[in-house]
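What follows is a single structure, written as structure tokens, with notes after it.
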DNA sequence: TAACTTATCGACCAGGGTGGTCAATTTTAT
DNA sequence: ATAAAATTGACCACCCTGGTCGATAAGTTA
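Protein chains in written order, with my numbering: chain A, 22 to 237; chain B, 22 to 237.
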């Protein structure tokens, strides 16, 4: 399926995929326009339907592609040997930023699929894939983590939630700020202050939620 | 403007407004369909345009209405005499839940307007109103608050952010859960366990971020 | 070069939805 | 009974939809 499309040079593939990712994210499956996708991708409408025989086929291909990216560029790269909770957070967050910087459209699309999983009609196999991925994502911050370092006067699960919510809240606020500036064109040096702020926050969280040293 | 509409019995007004709130939220201004709004509101399309002379007029009316609801049902009811940070959080959260339960569509619409403020074309006066509201909302958790009770080994602003992010994270997770169940029809008794969980979390946060008593 | 395959295009299709109008009708008030 | 106000949906001209297809263009092979 889509052999012709996959024989294309990668940059041209990416242009089409990105155009489609964006369009489906913004408008949803039904309202998304294949005309708009073709135009944005810089190809004729006939060509789009030559690559993918229908709107649905294209959509399914996108889902598959987005899953693959998340798997290969994110999940597979996590070092699950690291047992320290905050180290894991640091790693996964850095990883997420890196992937986001290159594949932001794909990741936003993936988020859309997960959020609208009930309304988007997926094939049975894709739905299976989705469920498996969902489970895997849930373990990212828990698998092989040493929770014994957490303070004991607060239920472990509560600490975990609080930390997760704090980090996620910071991420969201950062994202909102980034939306103003043009995030895509920022290089690593521009990101430095934000990284540093994040590391500072992590240290503070450690101070809050880990046992005090003198108690160990 | 819209005198005819405002002479309608309130429940009929509400039906029209809710239909419009939902449609604009889901599809955005351009894609929203006046046909769909009329159908969902149970009125003829001609009637809709008899009430509001155009799609834009309707949209502006909605924005105004949503602002008014937020102002009267939420902002005006906050007790700014209360200086304890966590009491303020508790109050505003309870208030938010109460308003949300009655005016969920209006509030979601308001959130939409704030989020897409750059793309939605508002009149100059409405934009002014938006900016003022934005400022007022920002002070909800800071105005006349006694911050001296916060622990001193963490920068005040950091503590504030962490608490805000934690509460907001909990709220979001709750909202996602509620989406599964039918939130609209839940009575106060059904909400009890969630309220209790929330109060428990607040106590924990107090333990974390306030000075230890023996230090006072 | 000629023959053949593969890739690309956009005009075109039938169908449906768009915001908005309006003459006809019903409801309400006098 | 009469006038005024409220309500309706068929209708308008227009735009866009997913998808097709014959006409080219580009690439490959001999």
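Where is the CB? At the ideal position from N, CA and C, for every residue including glycine.
| Item | Value |
| --- | --- |
| Neighbour list for residue 241 of chain A in chain B, Cβ cutoff strictly below 7 Å | Since the first and last residues shown for chain A are 22 and 237, residue 241 of chain A lies out of range. |
| Partners in chain A for residue 111 of chain B, counting only beta-carbon separations shorter than 7 Å | None at all; the shortest Cβ gap to chain A is about 17 Å. |
| Beta carbon proximity, residue 11 of chain A to chain B, threshold 7 Å | Nothing can be reported for residue 11 of chain A, as the shown portion of chain A is limited to 22 through 237. |
| Buried/exposed call for residue 190 of chain B, threshold 16 Cβ in 10 Å | buried |
| Residue range of the alpha helix (DSSP H) that includes residue 124 of chain A | 106-136 |
| Residue 28 of chain B classed as buried or exposed, judged by whether at least 16 other C-beta atoms fall within 10 angstroms | exposed |
| Residue 131 of chain A versus A:31, A:63, A:84, residue with shortest Cα-Cα distance | A:84 |
| Buried versus exposed call for residue 44 of chain A [16 or more other C-beta atoms within 10 Å across all chains shown] | buried |
| Nearest-angstrom Cβ-Cβ length linking residue 110 of chain A and residue 162 of chain A, presumed shorter than 8 Å | 7 Å |
| Completely contained beta strand (DSSP E) runs for the stretch 152-184 of chain B, where each covers 3 or more residues | none |
| Test: residue 225 of chain A CB closer than 7 Å to a CB of chain B | yes |
| Range of the contiguous alpha helix (DSSP H) that encloses residue 55 of chain B | 55-62 |
| C-alpha distance - residue 199 of chain A paired with residue 192 of chain A, whole-angstrom precision | 10 Å |
| Minimum C-alpha distance to residue 115 of chain B - residue among B:96, B:127, B:133 | B:96 |
| Span of the alpha helix (DSSP H) around residue 90 of chain A | 76-94 |
| Proximity test, Cβ basis, 7 Å: residue 190 of chain B and chain A | yes |
| Boundaries of the alpha helix (DSSP H) in which residue 213 of chain B is found, first to last residue | 209-230 |
| Close Cβ partners of residue 165 of chain B (< 7 Å) along its chain, the five nearest in sequence each way excluded | 101, 104 |
| Residue 88 of chain A vs residue 129 of chain A beta-carbon contact at 7 Å | no |
| Rounded straight-line distance, which links the Cα of residue 81 of chain A to that of residue 147 of chain A | 8 Å |
| Near-chain B residues of the stretch 35-52 of chain A (beta-carbon distance less than 9 Å), N- to C-terminal order | 47, 48, 49, 52 |
| Environment of residue 187 of chain B [buried if 16+ CB atoms lie within 10 Å] | buried |
| C-alpha gap between residue 233 of chain B and residue 107 of chain A, whole angstroms | 25 Å |
| Cα-Cα separation, residue 24 of chain A to residue 34 of chain A | 12 Å |
| Coil, strand or helix - residue 139 of chain A by DSSP | coil |
| For residue 45 of chain B, the first and last residue of its enclosing alpha helix (DSSP H) | 31-52 |
| Residue 206 of chain B: first and last residue of the uninterrupted alpha helix (DSSP H) it sits in | Unbroken run through residue 206 of chain B: none, as it is neither H nor E. |
| The stretch 55-70 of chain A / the stretch 55-64 of chain B touching (three or more Cβ pairs under 8 Å) | no |
| Residues near residue 37 of chain B by beta carbon distance below 6 Å, same chain, minus five either side | 62 |
| 7 Å Cβ cutoff met for residue 225 of chain A and residue 175 of chain B | yes |
| Any chain A beta carbon closer than 7 Å to residue 229 of chain B | yes |
| Cβ neighbour criterion (16 or more within 10 Å) applied to residue 219 of chain A | buried |
| Rounded separation between residue 47 of chain B and residue 183 of chain A - CA only | 31 Å |
| Burial state of residue 145 of chain B, where buried means 16 or more other Cβ atoms lie within 10 Å | exposed |
| Selected residue, minimal CA-CA separation from residue 244 of chain B, among B:112, B:160, B:126 | Past the edges of chain B, shown from 22 to 237, lies residue 244 of chain B, and the structure says nothing about it. |
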